[in-house]
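**Q** Got a structure for you, written out below as structure tokens; questions coming shortly.
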Amino acid sequence: MFRKSLTNILMAYRADLPPHNENPVTGSDPDISTSSSTPEHQPAPLPTFTSDQSASVAVRKTISLAQDPDILLLSFLFVYTGFELSFQSGIYSTCIGNTKAFGEEAKRLVGLCGIMVGAGEVAGGALFGLLGTQTTRHGRDPVVLLGFLAHTLAFYLIFLSLPSDSPLRPTNGDTYIDHDAGVVIVMLCAFMLGFGDACFSTQIYSIIGALWPHDSSPPFSIFKFMQSSAAAISFFCSVSATLRAQLIVLQVICVLGTCTFFLVEWNIARNRVEEENRLLISSEEDQENYG
Numbered sequence: 403m404f405r406k407s408l409t410n411i412l413m414a415y416r417a418d419l420p421p422h423n424e425n426p427v428t429g430s431d432p433d434i435s436t437s438s439s440t441p442e443h444q445p446a447p448l449p450t451f452t453s454d455q456s457a458s459v460a461v462r463k464t465i466s467l468a469q470d471p472d473i474l475l476l477s478f479l480f481v482y483t484g485f486e487l488s489f490q491s492g493i494y495s496t497c498i499g500n501t502k503a504f505g506e507e508a509k510r511l512v513g514l515c516g517i518m519v520g521a522g523e524v525a526g527g528a529l530f531g532l533l534g535t536q537t538t539r540h541g542r543d544p545v546v547l548l549g550f551l552a553h554t555l556a557f558y559l560i561f562l563s564l565p566s567d568s569p570l571r572p573t574n575g576d577t578y579i580d581h582d583a584g585v586v587i588v589m590l591c592a593f594m595l596g597f598g599d600a601c602f603s604t605q606i607y608s609i610i611g612a613l614w615p616h617d618s619s620p621p622f623s624i625f626k627f628m629q630s631s632a633a634a635i636s637f638f639c640s641v642s643a644t645l646r647a648q649l650i651v652l653q654v655i656c657v658l659g660t661c662t663f664f665l666v667e668w669n670i671a672r673n674r675v676e677e678e679n680r681l682l683i684s685s686e687e688d689q690e691n692y693g
């Protein structure tokens, strides 16, 4: 009886097993397999880059972008921001500290000038940051023009209120403005330097984002490279150049940078108008065809 029951169990187990030529998982022939189980149907792996390869690709893209006409035009303003950065952060305060006409107040004015430059930066950044959408709608050139006027007025007042040899040594050189009025003017000039720098910087970031919205790292790299190089050159030359010579160089580059920025901005606006007109004409033609 026991042997008969064991035999029935073995026969039932064999009946449940798939045939020897079938896949034990799918129940199909083992020679016919699914596309997911064969290596030749697996998707190709994505290419991987090492850190050295990624860096070399980024460098090549940056070098090729440096030949772009828009970058070449904007490079004048990039260089100007470097010269102006070195002037407002180091040279201008040195000129104030070396002006003996300010007496004991000279050292105190150096610190106050730093505060006023920062206040101008904050005011300009907050103003044009909060009004960024309005700026983009009406164009970036009015903001850059405002920065140009602020710096031009600041350079002229600095020329009148500080001695020409003040970057080189402590001096009692002649100035065109009285000492009492000069204290107020140097504070005002410091604020205008910071405010004008905010005007230029915010619009440079904006126009780079507009020209290269999908890959802005290379143009930003070029901008920071040119700005830092110009600042280093300006600091190096400031120890042997008079204040008037430095102001002339700053004003010339400021004019060139502002004009070239206008050219790029107007080209963007013209391309935008042409694209809108093209889309309008295309939609009208579609309406005529389907009408």
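467 is the number that our numbering gives to position 65 of the sequence shown; each next residue is one higher, with no gaps.
Beta carbons: idealized from backbone N, C-alpha and C, even for Gly.
(1) Tell me where the alpha helix (DSSP H) around Y558 begins and ends.
(2) Of all the options S630, F597, I498, which has the alpha carbon lying nearest to the alpha carbon of A528?
(3) Look up T573 in the DSSP assignment and say whether it is helix, strand or coil.
(4) If you run the structure through DSSP and keep just helix, strand and coil, what is T501?
(5) Given this structure, state the Cα-to-Cα distance separating G549 from Y692, to the nearest angstrom.
(6) Let me make sure I understand the geometry here. Which of S630, R542, I579 has the alpha-carbon closest to that of Q605?
(7) So what does DSSP say about V654, is it helix, strand or coil?
(8) With C-beta atoms as the reference, is Y494 less than 8 Å away from C656?
(9) A521 by DSSP, collapsed to three states: which one?
(10) Is H540 helix, strand or coil when you go by DSSP?
(11) Between V666 and L467, is the Cβ-Cβ spacing less than 8 Å?
(12) For Q648 and C639, I'd like the C-alpha separation in whole angstroms.
(13) Taking contact to mean 3 or more Cβ pairs, one atom from each stretch, closer than 8 Å, check whether the stretch 580 to 588 and the stretch 492 to 507 are in contact.
(14) If you run the structure through DSSP and keep just helix, strand and coil, what is A647?
(15) Quick one: is C661 buried, meaning 16 or more other Cβ sit within 10 Å of its Cβ, or exposed?
(16) Do L645 and S566 come within 8 Å of each other at the CB atom, strictly closer than that value?
**A** Taking the definition as stated:
(1) 543 to 563
(2) F597
(3) strand
(4) strand
(5) 51 Å
(6) R542
(7) helix
(8) no
(9) helix
(10) helix
(11) no
(12) 9 Å
(13) yes
(14) helix
(15) exposed
(16) yes
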